[in-house]
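Engineer: Residue numbers (our numbering), protein chains in the order written: chain A, 9 to 584; chain B, 71 to 375. Dropping a structure here in structure tokens format, bear with me for questions.
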Ligand code: FES
Ligand SMILES: [Fe+2]
């Protein structure tokens, strides 16, 4: 086998790259294998990490990073990479943003054997050879081809002190067994550089160890000199080129601006269960001992899902239930994949990035009576409200419209409430009649909260209007915007506070345009349903396309949902 | 891409046709010559006994005198100018050098602050010069300090016509914004990149409301992965002696050097997927794109496209 073939095969094999004793407490060790630089470090939990020696941000070697026991902190801009996963956990230049979940440094597999740390740059098959726990020799670097070093070791196997040279047997491409002495392993650093590592079969008597180590050190050093003398006569092979894997595509471009999806909290999926037909319940707990930011009734979380989607889910939590978040996700066939991601890809134990709880649907508690009317999965925020009202002994009634008995979700929570009525199996006409009955019967000083599918809410809006409800007593939460959006117009936005004039092109939203100019606006659902991106209008007439504002708010025209709405006038002046 | 091409002379016309710095004029004694390199081309430079500077191509294995040859330059001479404290030359047909208007202001202090060799590429050094995010980590307690790590949004404009990148509205927290000041404050910065290997930064100057100190980095690319960085100051400050200003700049550069020399790959990757930019890196992203648009290949790893 030629030296080139040997190197090629070495790609997919295990090799030692450090002695275990090299990985001292809070230290980062610089290694190299087949032209690839490695950063090796031991975390305080004893986990050994072998990583690509390059910070994904700007390429600074992580072997000069700070090992704080749990993470490596890059020296250049302080990015932090977590033990085990090498996922970036913090980017100091943008302290308010959570790093994209997929910023993850390159990692290599790790094993230990014979007091050495083993890894592979390619796809190793099997396991590294079991070399026991004998005396680990001091490694000796050699400037020669790895294949030539192996040949030399087979030719001139080093002996124990005062002993005959042992029989040397090749035990794999780069491993030599010295019969009843131990093993020598050649670490291929590069095409023309190697390290001879070794472990003896036994620790030897304590008083003898130093002498034996010195003896082998001298023997291996002599072998090094021979190998280097031989190599000097030949032209050195071209060094192997390190490979720098490209970062994932979505990380390559600049995120447009801050406040986009702020996902500062990490939660662990503690439990998942079937909360009703097609509804998956998720209990999300803290990942460490820091408490989760607490939401109130009606609040939702933005949740980053596998596959890069960010979706909004209302918290089901009752008051004081602050040790976890509970959400319910309905599988919607034909959706963009958010619900499918939750149903199929989220597993117990996963860590998800979530926003702070945001509340665009706050619960007032200053009315004598509260009607809560839920349709389908719209039960989630109303369940949180019902638990709050129940706990405070405020008068309420929860009416839960579901397709059938099996579709009723969160039964245990419902069972614990005093005033719940489930209504099942109604067609649209019967639903409208029932809404009419419920709203018509409400007394003075009542308020009503609706959450459900858009068609039901549209009907509810009509009914509330017909039955004479004052506007500030009726609250809606749409969980999606079903309206057909028209983004064909072109107009100018004037940002009064930033003194900027921008043109909103067809196909782009006000939000995108404003962010591209560096002005931050928070957003969440980005379909005109949650109210997070609402901005005050100073001049001009908005072309409302959202489902968040009610008729009176629309008519007033003094605010606009920048994610979907546009302008009816050629110019719209915003308080930004 | 093969490593041996690293020693090959530059073939980028856009770079060859520019002026490149060779170091402080004042550091070149009369009647002596020095051997140097620019863009992979061996050069000899020196000053005649009369003080006239000259630069010429040095045959790779010709004699290497250290005194000005009696017969004058021993090879074809290159154009030279003296500007911003440096001697500049060009391997092609240069246009006039980029302006630094502040250099003309009469109350400014002009000073060559030093030259440093670095084992990295010219574009990596320029990018580092543009970068505020590293202040708290690399220039701790001097230009920045944890936990004040936020890089607030700033504005970047690229003008291909003017061959210049401009970053404005940059603000960064500095622990001791002025000499003798108690506590930190936000400092304003403006960055210009008027040349692929040069950058000028402007920084608010304590006691000179509304005017800015200018600090320039002129990089001499010896080859693709070796540079000499020349620092030039154009300050309003009149109090500190030259040696103190030089020592300060050198200590700052001394903090950058080990970082830059541990940055891999050494040549600047232009492929957007080579590294992970964040919003704070807006100016670096613009700079990489601009180098690509100019067709620069020397000292960079060309993009995938
Ligand atoms: S290069 Fe590591 S944090 Fe920027
Ligand atoms: Fe720096």
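Just so you know, even glycine gets a beta-carbon here, dropped at the ideal spot from N, CA and C. Please read these numbers as outputs of a predicted model, since none were measured by experiment.
At which residue ranges does the region 375–421 of chain A contain complete alpha helix (DSSP H) runs of 4 or more residues, listed in the order of the chain?
Structural biologist: 387–399
Engineer: By a C-beta neighbour count over all protein chains shown, 10 Å radius and 16 as the cutoff for buried, is residue 252 of chain A buried or exposed?
Structural biologist: By the 10 Å Cβ count, residue 252 of chain A comes out buried.
Engineer: Kindly indicate which residue of A:430, A:571, A:247, A:167 has the alpha-carbon position closest to the one of residue 495 of chain A.
Structural biologist: A:571
Engineer: Identify every residue that forms a DSSP beta bridge with residue 75 of chain A.
Structural biologist: A:80
Engineer: What I want to know is whether the C-beta of residue 208 of chain B ends up closer than 6 Å to one or more non-hydrogen atoms of ligand 2.
Structural biologist: Within the cutoff, so yes.
Engineer: For chain A, find out if any of its Cβ atoms is closer than 7 Å to the Cβ of residue 333 of chain B; answer yes or no.
Structural biologist: yes
Engineer: Listed in chain order, which residues of the region 59–81 of chain A have Cβ atoms closer than 9 Å to some Cβ of chain B?
Structural biologist: 61, 62, 63, 64, 65, 66, 67, 68, 69, 71, 72, 81
Engineer: Using a 10 Å radius around the Cβ and a threshold of 16 neighbouring Cβ atoms, would you call residue 71 of chain B buried or exposed?
Structural biologist: Summary for residue 71 of chain B: the model assigns pLDDT 39, below 50, so the residue's position carries little reliability; its value from the coordinates is reported in the next sentence. The residue is exposed, with fewer than 16 neighbouring Cβ atoms inside 10 Å.
Engineer: Going by CA-CA distance only, name the one from B:274, B:313, B:358 that's closest to residue 265 of chain B.
Structural biologist: Of B:274, B:313, B:358, the residue nearest in Cα terms is B:358.
Engineer: Using a C-beta cutoff of 7 Å, does residue 259 of chain A count as contacting chain B?
Structural biologist: Interface residue (Cβ-Cβ distance to chain B less than 7 Å): residue 259 of chain A is classified as such.
Engineer: Measure how close the beta-carbons of residue 212 of chain A and residue 190 of chain A come, nearest whole angstrom, since I'm counting them as under 8 Å.
Structural biologist: Not confirmed; about 10 Å, so no contact.
Engineer: Which residues in the same chain have their Cβ closer than 7 Å to the Cβ of residue 271 of chain A, if we skip the five residues on either side of it in sequence?
Structural biologist: 106, 310, 312, 361, 362, 363
Engineer: Please enumerate, following chain order, all residues with a beta carbon closer than 5 Å to at least one heavy atom belonging to ligand 3.
Structural biologist: Here the bound small molecules are ligand 1 and ligand 2; ligand 3 is not part of this structure.
Engineer: Going by DSSP in three states, residue 23 of chain A sits in which element: helix, strand or coil?
Structural biologist: strand
Engineer: Note down the Cα distance separating residue 167 of chain A from residue 174 of chain A, rounded to an integer number of angstroms.
Structural biologist: 6 Å
Engineer: Once DSSP output is grouped into helix, strand and coil, what is the label at residue 489 of chain A?
Structural biologist: coil
Engineer: Should residue 425 of chain A and residue 452 of chain A be called a contact, given that it needs their Cβ atoms to be closer than 7 Å?
Structural biologist: no
Engineer: Pop quiz: residue 569 of chain A and residue 536 of chain A are said to be a contact at Cβ under 8 Å. What is the actual Cβ separation, rounded to whole angstroms?
Structural biologist: 5 Å
Engineer: By how many angstroms is the C-alpha of residue 244 of chain B removed from the C-alpha of residue 277 of chain B?
Structural biologist: 16 Å
Engineer: Starting from the beta carbon of residue 346 of chain B, find every residue of chain A whose beta carbon is closer than 7 Å, and list them in chain order.
Structural biologist: 64, 65, 111, 255, 259
Engineer: If you measure beta-carbon to beta-carbon, which residues of the region 349–363 of chain B are closer than 9 Å to chain A?
Structural biologist: 349, 350, 351, 352, 354, 355
Engineer: Rounded to a whole number of angstroms, what is the C-alpha to C-alpha distance between residue 45 of chain A and residue 113 of chain B?
Structural biologist: 35 Å
Engineer: What first and last residue would you give for the alpha helix (DSSP H) that runs through residue 466 of chain A?
Structural biologist: 462–474
Engineer: Put residue 320 of chain B into one of helix, strand or coil per three-state DSSP.
Structural biologist: DSSP places residue 320 of chain B within a helical segment (H, G or I) once states are collapsed to three.
Engineer: Less than 6 Å between C-beta atoms, sequence neighbours within five positions excluded: which residues of the same chain meet that for residue 94 of chain A?
Structural biologist: 59, 112, 113, 115
Engineer: For the alpha helix (DSSP H) that residue 321 of chain A lies in, which residues bound it at each end?
Structural biologist: Looking at the DSSP string, residue 321 of chain A is not in any alpha helix (DSSP H); the run it does join, the beta strand (DSSP E), is 318–322.
Engineer: Check whether chain B comes within 7 Å of residue 101 of chain A, counting only Cβ atoms and requiring the distance to be less than that.
Structural biologist: yes
Engineer: Over what stretch of residues does the beta strand (DSSP E) that includes residue 239 of chain B continue unbroken?
Structural biologist: 234–244
Engineer: Compare the beta carbon distance of residue 407 of chain A and residue 377 of chain A with 7 Å and say whether it is the shorter of the two.
Structural biologist: no
Engineer: Against residue 86 of chain A, what residues of chain B qualify as contacts under a CB-to-CB distance less than 8 Å, listed in chain order?
Structural biologist: 206, 207, 216, 219
Engineer: Can you tell me where the beta strand (DSSP E) with residue 338 of chain A in it begins and where it stops?
Structural biologist: Taken as a continuous stretch (DSSP letters only), the beta strand (DSSP E) holding residue 338 of chain A covers 333–338.
Engineer: Please confirm if residue 526 of chain A has its CB atom under 7 Å from at least one CB of chain B.
Structural biologist: Yes - at least one Cβ of chain B is within 7 Å of the one on residue 526 of chain A.
Engineer: Which chain B residues are close to residue 252 of chain A, counting only those with a beta carbon under 8 Å from its beta carbon?
Structural biologist: 334, 335, 339, 344
Engineer: Measuring only from the beta carbon, is residue 351 of chain B closer than 6 Å to any heavy atom that is part of ligand 2?
Structural biologist: Not one heavy atom of ligand 2 lies closer than 6 Å to the C-beta of residue 351 of chain B.
Engineer: Taking Cβ positions only, does residue 312 of chain B come closer than 7 Å to chain A?
Structural biologist: Closer than 7 Å: no.
Engineer: Would you mind telling me which residues of chain B sit closer than 8 Å to residue 40 of chain A, beta carbon to beta carbon, in chain order?
Structural biologist: Within chain B, no residue comes near residue 40 of chain A; the closest Cβ sits about 12 Å away, beyond 8 Å.
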